[in-house]
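S.K.: Just so it is clear: in the sequence shown, position 146 is 197 by the numbering used here, and no numbers are missing. Pasting a structure here, questions to come.
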Amino acid sequence: MDKITLNATKREVKGKHVKAYRREGKLPAVIYGRTLEKPILIFLEAHETEQQMRHISPTTLIDVVVGKERYPALVRDSQRDVIYRHLLHLDFLAVSMTETLRTMVEVSMIGDAPAVREYGAILVTGYEEVEIECLPADLPERLEIDVSGLENIGDSLNVSDLSIPPNVTLLTDPEEMIVQVTAPMAAEPEEEEEELEELLEEPEVLERGKAEEGEEEGEEE
Numbered sequence: 052m053d054k055i056t057l058n059a060t061k062r063e064v065k066g067k068h069v070k071a072y073r074r075e076g077k078l079p080a081v082i083y084g085r086t087l088e089k090p091i092l093i094f095l096e097a098h099e100t101e102q103q104m105r106h107i108s109p110t111t112l113i114d115v116v117v118g119k120e121r122y123p124a125l126v127r128d129s130q131r132d133v134i135y136r137h138l139l140h141l142d143f144l145a146v147s148m149t150e151t152l153r154t155m156v157e158v159s160m161i162g163d164a165p166a167v168r169e170y171g172a173i174l175v176t177g178y179e180e181v182e183i184e185c186l187p188a189d190l191p192e193r194l195e196i197d198v199s200g201l202e203n204i205g206d207s208l209n210v211s212d213l214s215i216p217p218n219v220t221l222l223t224d225p226e227e228m229i230v231q232v233t234a235p236m237a238a239e240p241e242e243e244e245e246e247l248e249e250l251l252e253e254p255e256v257l258e259r260g261k262a263e264e265g266e267e268e269g270e271e272e
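Below you can see the structure in the form of structure tokens.
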């Protein structure tokens, strides 16, 4: 995937004053980080940014261009409208390309587990993201784990089974579980007893109802 670039302009307004600019298609954002002397307030093109955000994960390195300056950054926070889900604000963390950083990265399962097909088993997930350390240029968008070797109930895969790219250091405990095969859920004994009791009670209720109807007819006569 090609590197994503977002063009921005500096902004002076903040707080409630940005509402008018949103109506003009501007998206307020901020760039911060220890590589900067102070945070930089910016405006992005709302429509363009919405389109690009479809391809951006928390570990996607982005070039935010402000005038003649270019800031390598990661999206650290986003705010959206509760109803329409439009972007309202973005936070960017500026990074140094020569310094390693620590971040969480998503775990993605690939392949089909034979135990699911053969026994109707269920895959229970543990860690859905893990912590890594690397240079910004080496950041993976996700880490993959192949579940095609999970053949029997009880089989599992741990953090140590992840496919780790070169130049990436895994910080999460390798023994932590990523996914495990469990047997299909069986009905609880209490639930079965309740269902049986309901079935046994129904005829009694019907008979009582007929008897009451007969009594009411007798009263009317």
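By construction, the Cβ of each residue, glycine as well, lies at the ideal position given by its N, Cα and C atoms.
Please state if the CB of Met155 and the CB of Glu182 are separated by a distance shorter than 8 Å.
M.R.: Result yes, Cβ atoms of Glu182 and Met155 sit closer than 8 Å.
S.K.: Hey, how far is the Cα of Tyr83 from the Cα of Val167?
M.R.: Tyr83 and Val167: Cα-Cα distance of roughly 46 Å.
S.K.: Across the region 102-116 and the region 167-176, are there enough close Cβ pairs to call them in contact, namely three or more that are closer than 8 Å?
M.R.: At 8 Å Cβ cutoff, the stretches do not touch.
S.K.: Work out the CA separation of Arg193 and Arg73 for me, nearest whole Å.
M.R.: C-alpha separation (whole angstroms): 32 Å.
S.K.: Which stretch, first to last residue, makes up the beta strand (DSSP E) that contains Lys61?
M.R.: Here the beta strand (DSSP E) through Lys61 covers Ile55 to Lys61.
S.K.: If you scan the region 192-219 from start to end, which runs of the beta strand (DSSP E) of 3 or more residues do you find wholly inside it?
M.R.: For the region 192-219, whole beta strand (DSSP E) runs of length 3 or above, ordered along the chain, are 193-197 and 207-209.
S.K.: With a threshold of 8 Å, are at least 3 pairs of Cβ atoms found where one atom belongs to the region 195-204 and the other to the region 118-135?
M.R.: Too few Cβ pairs lie closer than 8 Å, so no.
S.K.: Please report how far the alpha carbon of Ser147 lies from the alpha carbon of Asp189, in whole angstroms.
M.R.: Those two C-alpha atoms are separated by around 12 Å.
S.K.: Between Met236, Leu221, Leu222 and Asn209, which has its C-alpha nearest Val230's C-alpha?
M.R.: Closest by alpha carbon: Asn209.
S.K.: Using only the alpha-carbon positions, how far apart do Asp206 and Ser159 sit?
M.R.: Approximately 18 Å, taken between the alpha carbons.
S.K.: Glu101: which of Pro217, His137 and Val69 sits nearest, CA to CA?
M.R.: Among Pro217, His137 and Val69, the Cα nearest to that of Glu101 is on His137.
S.K.: Tell me whether Pro79 is buried or exposed, calling it buried when 16 or more other Cβ atoms sit within 10 Å of its Cβ.
M.R.: Counting Cβ neighbours within 10 Å, Pro79 comes out buried, since at least 16 surround it.
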